[in-house]
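Following our numbering, the numbering of the sequence shown begins with 97 at its first residue and continues without gaps. Glycine included, every Cβ here is placed at the ideal spot set by N, Cα and C. This one's a predicted model, so the numbers in the text were calculated from it and none came from an experiment. Below you'll find the structure, written out as structure tokens, and then a few comments.
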Amino acid sequence: MPLTDATHDPERRSWVDSANAPDSDFPIQNLPWGVFSAGDGPRRVGVAIGEMIVDVTALEADGVLEPAPGEQVFARGILNPFMALTPTVWTETRARLADLLDAATGDRALPLVAQSDARMHLPVFVRSFTDFYASKEHATNVGSMFRDPDNALMPNWLHIPIGYNGRASTVVVSGTEITRPLGQLKGPDDDAPRLGPSAKLDIELELGALVGTATRMGQPLTTAQAEAAIFGYVLLNDWSARDIQVWEYQPLGPFQSKAFATSISPWIVTRDALAPFRHPTPPRDLPLLPYLEEATANNFDIHLEIDLAAEGCAPVTVARTNARYLYYSAAQQLTHHALSGCAMEVGDLLGSGTISGPAPDSLGSLLELTWNGRDPIALPDGQERRFLEDGDTVTLRGWCEGAYRIGFGTCSGTIRPAPVPPA
Ligand code: CA
97 MPLTDATHDP ERRSWVDSAN APDSDFPIQN LPWGVFSAGD GPRRVGVAIG
147 EMIVDVTALE ADGVLEPAPG EQVFARGILN PFMALTPTVW TETRARLADL
197 LDAATGDRAL PLVAQSDARM HLPVFVRSFT DFYASKEHAT NVGSMFRDPD
247 NALMPNWLHI PIGYNGRAST VVVSGTEITR PLGQLKGPDD DAPRLGPSAK
297 LDIELELGAL VGTATRMGQP LTTAQAEAAI FGYVLLNDWS ARDIQVWEYQ
347 PLGPFQSKAF ATSISPWIVT RDALAPFRHP TPPRDLPLLP YLEEATANNF
397 DIHLEIDLAA EGCAPVTVAR TNARYLYYSA AQQLTHHALS GCAMEVGDLL
447 GSGTISGPAP DSLGSLLELT WNGRDPIALP DGQERRFLED GDTVTLRGWC
497 EGAYRIGFGT CSGTIRPAPV PPA
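Set out below in structure tokens:
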């Protein structure tokens with residue numbers, strides 16, 4: 097199958113005018129999937145086009161779309177049943193939607209809802225969340241800070257996409273408020289730990305990959321199979337409590353410091369839409385074992401930004417980076433994940449790990465941007481930040497830029513105060 101087709105034609109225009117604006121995240125070449133509701137109505141599957149949403153649940157009920165003959169895969173208002181169909185069906189359905197939305201061939205009577213009138217929900221039931229650590233710059237920075245600048249990368253890092261099994265129960269959609277976590281805290285000079293709210297609440301700018309093709313227990317994948325099994329990508333903020341993390345993370349890795357919240361953007365940008373923006377992974381420092389080698393370019397050239405806004409203040413962009421810096425692609429992460437025989441499910445979410453680049457402002461966490469609080473970030477109204485304060489809002493943005501823009505929309509969250517500690 098060729099990597100690009102008529103759905104990527106830059107000349108295509110939609111009869112939905114707002115989709116043709118050059119700065120629209122959602123032109124006819126994108127068509128990302130989401131779940132929305134309007135008013136008191138039920139959850140429905142939709143596709144973003146300009147400032148509107150096409151009601152795909154209604155299209156299927158009316159027989160305009162029939163991805164699984166005899167079944168209503170969009171009726172439950174969640175994307176898992178559609179994702180469980182084949183990659184060929186994903187591609188064909190996207191092509192059909194592009195034809196329906198095309199200014200030349202389309203059907204102007206399609207059911208549309210304004211995004212401003214819709215409430216977005218988690219697009220998938222996330223069965224499991226796994227968080228990787230696939231940015232060499234990030235791993236090097238953290239290793240330098242917490243261990244040894246001369247041996248910042250652990251010896252396994254250049255061979256294994258390092259990851260840990262996180263919590264799916266606290267994966268939330270953009271816009272959900274984030275409660276500051278309580279935890280055990282112990283500074284280097286403290287005699288004993290104490291209970292309290294995290295004072296080093298941080299963000300992690302990541303790319304999330306959503307698995308659309310399940311594997312059986314005991315079934316490894318090639319990198320090509322893994323790449324084809326990924327339905328699409330979202331922006332992901334893996335909220336982190338650095339003071340809880342530093343006391344708990346040895347010997348078994350992060351636990352409560354990462355378990356309290358992970359936000360994702362509501363629109364899943366498909367691997368089909370990203371096809372023109374494929375980018376190879378960076379050069380290897382050491383050869384990989386052959387099972388991790390890739391025959392295709394499986395990273396993506398996605399511009400990423402972090403905005404930070406104090407309560408009542410205008411946002412400021414504190415970091416600009418790119419998903420192409422990831423040392424391990426999502427396909428390599430998934431390949432390694434399944435290697436042992438770990439079964440992958442439809443709706444499994446793989447976080448890339450914090451994406452940092454080589455420049456001082458291309459760092460995907462406050463931990464790195466402020467170097468663990470040493471170098472505060474100046475906000476425009478005279479405030480400064482080392483870590484997040486209550487009332488702060490963080491917004492991630494991501495987009496591919498070429499003959500047109502393939503945008504991810506935003507992934508945001510506002511910090512709320514910690515609860516009263518249990519006695
Ligand atoms: Ca993370």
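Cβ-based burial, MET216 [other Cβ within 10 Å; buried from 16]: buried
Using the three-state DSSP reduction, which class does THR103 fall into: helix, strand or coil? helix
Could you check the C-alpha separation between SER425 and ASN394 for me, to the nearest Å? Approximately 6 angstroms, taken between the alpha carbons.
Extent of the continuous beta strand (DSSP E) run through THR189: Counting along the chain, THR189 falls outside any beta strand (DSSP E), though it belongs to the alpha helix (DSSP H) covering 183-197.
Going by the CB atoms, is the gap between HIS432 and PRO257 shorter than 7 angstroms? Yes; because the gap between Cβ atoms is below 7 angstroms, this pair is in contact.
Identify which residue in LEU193, GLU441 and LEU332 has its Cα closest to the Cα of SER110. LEU193
So for ILE149, helix, strand or coil by DSSP? strand
Tell me, which residues are paired with HIS227 by DSSP? For clarity, residue 227 is Asp in the given sequence; the question names His instead. Among the bridge pairs identified by DSSP, ASP227 is matched with TYR260 and GLY447.
Could you tell me whether any non-hydrogen atom of ligand 1 is closer than 6 angstroms to the CB of GLY449? yes
If contact is defined by three or more beta carbon pairs under 8 angstroms, each pair taking one atom from either stretch, is the segment 204-218 in contact with the segment 129-147? yes
With respect to the alpha helix (DSSP H) encompassing LEU435, which residues constitute its N-terminal and C-terminal limits? 426-435 is the extent of the alpha helix (DSSP H) around LEU435.
Candidates GLY202, VAL307 and ALA288, of which the one nearest GLN428 by Cα: Comparing Cα-Cα distances from GLN428 to each of GLY202, VAL307 and ALA288, the minimum goes to VAL307.
Could you check whether the Cβ of ASP444 sits closer than 6 angstroms to any heavy atom belonging to ligand 1? no
Where TYR329 sits in the DSSP three-state scheme: strand
Report the rounded CA-to-CA distance for ASP244 versus MET250, giving the unit in angstroms. 10 angstroms
Which residues mark the beginning and the end of the alpha helix (DSSP H) in which LEU465 is found? 462-465
Using the three-state DSSP reduction, which class does MET97 fall into: helix, strand or coil? At MET97 the pLDDT is 47, less than 50, meaning the model places this residue with poor confidence and gives no usable figure here.
Straight-line CA distance for LEU127 to GLN341? Each residue's alpha carbon lies about 38 angstroms from the other.
Counting C-beta neighbours from all protein chains within 10 Å, is the total for GLY142 16 or more, i.e. buried, or is it exposed? With a threshold of 16 other beta carbon atoms within 10 Å, GLY142 meets it and is buried.
Based on DSSP bridge pairs, tell me the residues matched to HIS375. ASN395
Span separating the alpha-carbon of LEU459 from that of ILE299: 11 angstroms
Go ahead and label VAL516 buried or exposed: buried means 16 or more other beta carbons lie within 10 angstroms of its beta carbon, across all protein chains shown. exposed
Alpha carbon to alpha carbon, how far is PHE504 from GLY146? Give it in angstroms, no decimals. 12 angstroms
Inter-residue Cα distance where the pair is GLN479 and GLY487: Their backbone Cα atoms lie some 13 angstroms apart in a straight line.
Once DSSP output is grouped into helix, strand and coil, what is the label at VAL342? The answer is helix: DSSP assigns VAL342 an H, G or I state.
If you measure from the CB of GLU300, is any heavy atom of ligand 1 nearer than 6 angstroms? yes
How many whole angstroms separate the CB atoms of SER508 and GLY271, which I take to be in contact at a CB cut-off of 8 angstroms? 6 angstroms
Measuring only from the beta carbon, is ASP227 closer than 6 angstroms to any heavy atom that is part of ligand 1? yes
6 angstroms CB neighbourhood of LYS232 in its chain, flanking five on each side removed: Excluding residues within five positions, the ones whose Cβ falls inside 6 angstroms are TYR423.
Is GLN334 near ligand 1, in the sense that its beta carbon is under 6 angstroms from a heavy atom of that ligand? According to the sequence provided, residue 334 is Asp. The question's Gln does not apply to it. Within the cutoff, so yes.
Count the C-beta pairs between the segment 438-455 and the segment 467-484 that are closer than 8 angstroms, then say yes if the count reaches three, no if not. no
Sequence-distant residues of its chain with Cβ nearer than 7 angstroms to GLY173 (five each side left out): VAL131, PRO138, ARG139, ARG140, VAL141 and THR153
Taking a contact to mean a Cβ-Cβ separation below 7 angstroms, would you say ARG276 touches LEU303 in this structure? no
Alpha carbon of VAL330 to alpha carbon of ASP287, nearest angstrom: 42 angstroms
Which residue from PRO379, ALA514, PRO518 and LEU492 puts its Cα closest to that of VAL269? When each option's Cα is compared against that of VAL269, the closest is LEU492.
Taking the CB atoms as reference points, tell me whether GLY262 and PHE225 lie closer together than 7 angstroms. The answer is yes: Cβ separation under 7 angstroms.
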